[in-house]
Amino acid sequence: MHPAAEHSPLGKSSEYIATYTPSLLFPIPRTAKWAELGLTAETLPYKGVDFWNCFELSWLLPSGKPVVAIGEFSIPADSPNIIESKSFKLYLNSLNQTPFADTASLEATLVKDLSAAAGKPVGVRVRSLKEVEAEGVVALPGVCIDDLDISVSNYEHPRPELLRCDDSRVVEESVHSHLLKSNCPVTSQPDWGSVVVEYRGAALDHASLLEYIVSFRQHSDFHEQCVERIFLDLQRLLKPEKLTVFARYVRRGGLDINPYRSTESVQLPNHRLVRQ
Numbered sequence: 023m024h025p026a027a028e029h030s031p032l033g034k035s036s037e038y039i040a041t042y043t044p045s046l047l048f049p050i051p052r053t054a055k056w057a058e059l060g061l062t063a064e065t066l067p068y069k070g071v072d073f074w075n076c077f078e079l080s081w082l083l084p085s086g087k088p089v090v091a092i093g094e095f096s097i098p099a100d101s102p103n104i105i106e107s108k109s110f111k112l113y114l115n116s117l118n119q120t121p122f123a124d125t126a127s128l129e130a131t132l133v134k135d136l137s138a139a140a141g142k143p144v145g146v147r148v149r150s151l152k153e154v155e156a157e158g159v160v161a162l163p164g165v166c167i168d169d170l171d172i173s174v175s176n177y178e179h180p181r182p183e184l185l186r187c188d189d190s191r192v193v194e195e196s197v198h199s200h201l202l203k204s205n206c207p208v209t210s211q212p213d214w215g216s217v218v219v220e221y222r223g224a225a226l227d228h229a230s231l232l233e234y235i236v237s238f239r240q241h242s243d244f245h246e247q248c249v250e251r252i253f254l255d256l257q258r259l260l261k262p263e264k265l266t267v268f269a270r271y272v273r274r275g276g277l278d279i280n281p282y283r284s285t286e287s288v289q290l291p292n293h294r295l296v297r298q
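Below, the structure is given as structure tokens:
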């Protein structure tokens, strides 16, 4: 467990406060998890963002009439802190009985508070249900590898030694799997996700990638670190010209977390999957 997480509200009984309380946000430094992966803030081999989507966002108009909407938050992957998920939910719930003059005022408050917690500017979009409904859901890019016939016996820890490639062939492809699962390092509750690998490099053996993804099944770590671990293991193996790894996780407590890590500076999408 991350030492800071022991002091967070995650896994503990909490009072639900319905009026604006920014102090509920609980930042957790990324440095300890980076150190586990042999990284520092100065040596990160990727660019990226963590997209958080909130489906339980509500506040009051000056008239007292409630509003509901969907919040999209983009936290830079190199921000000093992640925001512990239960504290994020408690903070958002504290807006429920709080009046704001308009949506712009709410967005400005969210930007201020979340950026202060993350330690870097956080992007915020408050979106209407109609807007999100019109976008619908999307399919992941590339080939799904989930129907490959594999044998699995280890679920406790990620096993990068399972990964294989043909370094005599260079390919450019996108592959994905819906079989990513890990556990929360604090509560041990399951985190369900779909993961995409896009790269140009030595040809990755798809069956070995699926075996590797399944080896996360009982692993305990935060969403962000799982994606970073996958990125680093593939980077070491493939020595790619370019590599992007991202995961779309199923929501818990009205929030889903979707980390993107890439060697490229690209405009990343935030499109919902059918599981979301």
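The end of the sequence shown is residue 298 by the numbering used here, with every number in the run present. Even glycine gets a Cβ: it sits at the ideal position worked out from N, Cα and C.
For P44, DSSP records no beta bridge to any residue. In the three-state reduction of the DSSP assignment, V160 falls in the coil class. Look at E286 here: in three-state DSSP terms it is coil, with no helix or strand label. Within the stretch 113 to 170, the complete beta strand (DSSP E) segments of 3 residues or longer fall at 145 to 149, listed in chain order.
DSSP links Y221 through a beta bridge to E195, L265. About 7 angstroms separates the CB atoms of S216 and R297; that is less than 8 angstroms, so the two are in contact. Only residues of its own chain outside the window of five on either side were considered, and among them H293, R294, L295, V296, Q298 have a CB closer than 8 angstroms to the CB of V159, listed in chain order. G70 has R283 as its beta-bridge partners, per DSSP.
Just so you know, the alpha carbons of F110 and Y282 end up roughly 19 angstroms apart. With respect to S80, L117 sits close: the two C-beta atoms are nearer than 8 angstroms. Look at I50 here: in three-state DSSP terms it is strand. Beyond the five residues adjoining it in sequence on each side, S287 comes within less than 7 angstroms, by CB distance, of K69 in the same chain, given in chain order.
Residue range 245 to 260 is occupied by the alpha helix (DSSP H) that includes F253. Within the same chain, and ignoring the five residues on either side of T62 in sequence, the residues whose Cβ sits closer than 8 angstroms to its Cβ are T53, W56.
In this structure, the alpha-carbon of S242 lies about 42 angstroms from that of K87.
Counting only residues of its own chain and dropping the five nearest sequence neighbours on each side, R181 has a CB closer than 7 angstroms to the CB of Y234, S237.
If the five residues before and after K142 are omitted, its C-beta is found closer than 6 angstroms to the C-beta atoms of P98, S101, all from its own chain and listed in chain order. DSSP links W56 through a beta bridge to no other residue. Excluding the 5 residues flanking it on each side, V174 has same chain C-beta neighbours closer than 7 angstroms at E233, V236, in chain order.
In the structure shown, the three-state DSSP call for S107 is helix. Contact between V197 and A225 does not hold, since their C-beta atoms are separated by about 11 angstroms, which reaches or exceeds 8 angstroms. With contacts defined by Cβ atoms closer than 8 angstroms, Y177 and L112 do not form a contacting pair.
For I92, there is no enclosing alpha helix (DSSP H); the enclosing beta strand (DSSP E) has its first and last residue at 88 to 98.
S204 carries a strand assignment under DSSP once its states are collapsed to helix, strand and coil. With contacts defined by Cβ atoms closer than 8 angstroms, I50 and N103 form a contacting pair. Beta-carbon to beta-carbon, Y271 and D213 are separated by about 6 angstroms, close enough to satisfy the 8 angstroms threshold. The beta carbon of V249 lies closer than 8 angstroms to those of V217, V267, F268, A269, P281, Y282, R283 in the same chain, with the five residues before and after it left out. At a Cβ-Cβ threshold of 8 angstroms, E195 and G145 do not count as neighbours.
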